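Only one structure is covered here, and it is reproduced in the block below.
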Amino acid sequence: MNAFFGGIVGGLRHIGKLTIDGVWRLGFITRFLFALLLASGQSVRRIHLTIRELYFSGVLSLLIIIVSGLFVGLVLGLQGYDILQRYGSADAVGVMVALSLLRELGPVIAALLFASRAGSAITAEIGLMKATEQLKAMDMMAVNPIARVVAPRFWGGVLSMPLLAALFSAMGIFGGWLITVVVIGVDDGAFWSQMQAAVEFEYDVMNGVIKSFVFGAVVSLIAVFEGYDCEPTAEGVSRAITRTVVTSALAILALDFVLTSFMFRGQ
Amino acid sequence: MMSRTALDLWVGILVAIGFAALVFLAMKVGNFSGLDGRETYRIEAPFDNIGGLKVRAPVKSAGVLVGRVQSIRFDTETYRAVVQMEIDKRFEFPADTSASILTSGLLGEQYIGLDAGADIEPLKDGDRVLITQSAVVLEKLIGQFLFDKAAEPAAQ
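From first to last, the protein sequence lines are chains B and P. So the first sequence is numbered by this note's numbering: it starts at 3 and just counts up by one. So the second sequence is numbered by this note's numbering: it starts at 27 and just counts up by one.
Shown next as structure tokens:
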């Protein structure tokens with residue numbers, strides 16, 4: 003009997019610990035965000051630090067974004083044509099490709115790729131700096147590590163994400179055009195004219211850009227936070243990188259649902 | 027470590043490509059222009075009802091693409107829609123050609139079909155097609171069908 007109650011108490015204690023840890027981390031990440039925003043003035047003044055991070059998270063992600071955008075567009079074109087031609091409206095395939103890319107797939111897949119390509123690299127870099135006590139050394143030299151290391155990486159991610167998402171959507175539409183118009187033989191004019199008639203710049207394109215901004219901010223914040231917060235050991239860094247990718251992916255998908263339900267509820 | 031200028035160049039390339047993609051998305055088509063720069067002439071046709079016809083919709087004759095819709099405007103004097111079309115210079119049509127608005131498939135997009143007449147004179151730039159047939163409006167068609175059905179037993 004005693005062992006039974008002991009088990010229940012142990013289980014409750016475990017739940018309580020998880021909850022407290024979760025709340026503590028949530029509070030910590032919020033305080034971290036404020037500290038980061040307060041220290042951001044310096045990363046504007048020393049813009050070359052941010053430009054360097056734009057290179058590492060933006061330019062180096064170009065290839066994967068272009069290639070995956072192209073392939074997603076090719077697949078969308080094929081599948082869209084296969085389904086739409088059953089209803090005799092294969093001409094509308096351009097609309098389907100463009101709207102699904104601009105509204106959902108562009109921002110979401112670009113953000114997922116960005117989290118695994120650039121987010122994990124940011125976490126690894128900051129985590130290793132912590133493990134090798136570089137962050138502490140900076141503190142000793144009266145250099146604020148949040149202003150010097152964290153803020154530029156955050157802003158580099160926030161700024162490059164919308165550009166990458168727009169590029170992803172454009173490449174996807176190009177891929178869809180390539181497979182349906184050039185290979186299958188859908189009418190070129192109908193492809194573009196129906197797309198133009200259906201896509202609204204302020205509604206579809208801008209909402210996609212807003213989404214990618216939000217995803218960029220969330221992924222960058224998670225990446226720098228996990229790096230800054232990691233256990234300063236080899237194992238801790240590897241766990242932090244895993245957490246960055248997993249948490250970012252979940253946050254992107256959940257936020258995408260929330261944003262979509264606010265943005266696109268069928269006018 | 028990369029030099030400062032190379033870094034700036036790459037980031038500049040990223041920003042340029044990103045904004046180019048945005049502009050492409052904004053314009054959606056970029057360099058698309060009518061019949062790929064072929065020489066065209068313009069004709070117009072008045073319709074009572076254009077249905078869901080859109081600018082840049084295809085103009086076909088016997089199912090072959092011969093041109094594109096260039097603009098659609100509303101004529102306040104006759105209260106009809108006037109559709110301006112660009113027709114490829116290679117295709118000449120008789121002056122008494124008729125134009126009708128058709129639909130490709132049941133739910134497909136609408137286009138203009140040209141049926142050649144028998145006149146010796148060809149249509150020239152700026153000419154007007156006089157014989158036109160409006161788009162079929164499904165509601166009207168169903169309404170008429172129901173009306174006819176209702177009238178049938180009374181006639182017997």
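The beta-carbon is built from N, C-alpha and C at its ideal position, and this holds for glycine as well. Remember, predicted model here, so these are calculated numbers, not experimental data.
Look at the segment 65–94 of chain P: the residues with a C-beta under 8 Å from a C-beta of chain B are Lys80, Val81, Arg82, Ala83, Pro84, Leu91, Arg94.
Cβ contact annotation for B:Met197 (same chain, cutoff 7 Å, sequence separation greater than five): Gly96, Val97, Ala100, in chain order.
Contact annotation: the segment 222–239 of chain B does not touch the segment 82–92 of chain B, with fewer than three C-beta pairs closer than 8 Å.
Taken through DSSP and simplified to helix, strand or coil, B:Met265 comes out as helix. If only uninterrupted alpha helix (DSSP H) runs of at least 4 residues are considered, those enclosed by the segment 27–64 of chain B are 42–47, 49–55. Not one beta carbon of chain B lies nearer than 8 Å to the beta carbon of P:Phe100. Here the C-alpha atom of B:Val61 lies approximately 6 Å from the C-alpha atom of P:Leu40. Straight-line measurement puts the Cα of B:Phe156 at about 8 Å from the Cα of B:Leu38.
Contacts between B:Gly79 and chain P, judged by CB atoms closer than 9 Å, are missing: the closest CB pair is about 16 Å apart.
In this structure, the beta-carbon distance from B:Phe193 to B:Val207 does not fall below 8 Å.
The segment 39–119 of chain P contains, as complete beta strand (DSSP E) runs of 3+ residues, the segments 66–73, 84–87, 90–101, 106–114 (chain order).
Residue-level contact by beta carbon fails for P:Ser29 and chain B, as no gap is shorter than 8 Å. Bridge pairing for P:Pro148: P:Pro120 [DSSP]. P:Leu140: member of the beta strand (DSSP E) spanning 136–141, first to last residue. Put simply, the backbone Cα of P:Val37 is about 20 Å away from that of B:Ser118. Taking the Cα of P:Glu165 as reference, the smallest distance to any Cα among P:Ala107, P:Gly77, P:Phe50 is reached at P:Gly77. Chain order gives the chain B residues near P:Ile43 as Leu64, Leu165, Leu169, where near means a beta carbon separation below 8 Å. Here the alpha carbon of P:Asp114 sits roughly 58 Å from the alpha carbon of B:Ala153. Boundaries cannot be given for B:Ile181, as no alpha helix (DSSP H) includes it and DSSP labels it neither H nor E. When the five nearest sequence neighbours on each side are left out, the beta carbons in the same chain lying within less than 6 Å of the beta carbon of B:Thr249 are those of Ile224, in order along the chain. Using a 10 angstroms sphere on the CB of B:Trp179, the tally of other CB atoms reaches 16 or more, which defines it as buried. Contacts with chain B at 8 Å (Cβ-Cβ) do not include P:Ser97. Taking the Cα positions, B:Val145 is about 29 Å away from B:Phe217.
Any Cβ of chain P closer than 8 Å to the Cβ of B:Ser162 would place that residue at the interface, and such an atom is present. Proximity of the segment 142–151 of chain P to the segment 119–130 of chain P meets the contact definition, three or more beta-carbon pairs being nearer than 8 Å. Within the same chain, Pro120, Asp122, Thr123 come within 6 Å of P:Gly143 by CB-CB distance, once the 5 residues on both sides are set aside. Each residue's CA atom was taken as its position, placing B:Gly90 and B:Glu202 some 24 Å apart. At least one CB of chain B lies nearer than 8 Å to the CB of P:Ile39.
When the beta-carbon positions are compared, P:Arg94 and P:Met111 come within less than 8 Å of each other.
Residue contact check for B:Asp93 against chain P: a CB pair falls below 8 Å.
Note that the segment 166–177 of chain B does not touch the segment 128–141 of chain B; fewer than 3 beta-carbon pairs, one per stretch, sit closer than 8 Å. In the DSSP annotation of this structure, the continuous segment of the alpha helix (DSSP H) that includes B:Thr125 starts and ends at 122–133. Identification of chain P residues near B:Ala172 by a Cβ-Cβ cut-off of 7 Å yields Ala47, Phe50, Leu51, ordered along the chain.
Not a single C-beta of chain B is nearer than 8 Å to the C-beta of P:Glu112. Exclusion of the five residues before and after P:Ala83 leaves Arg94, Val95, Glu135, Gln136, Tyr137, Ile138 as the residues of its chain whose Cβ lies within less than 8 Å of its Cβ. Inter-segment contact for the segment 234–248 of chain B and the segment 30–37 of chain B is absent: fewer than three beta-carbon pairs are separated by less than 8 Å.
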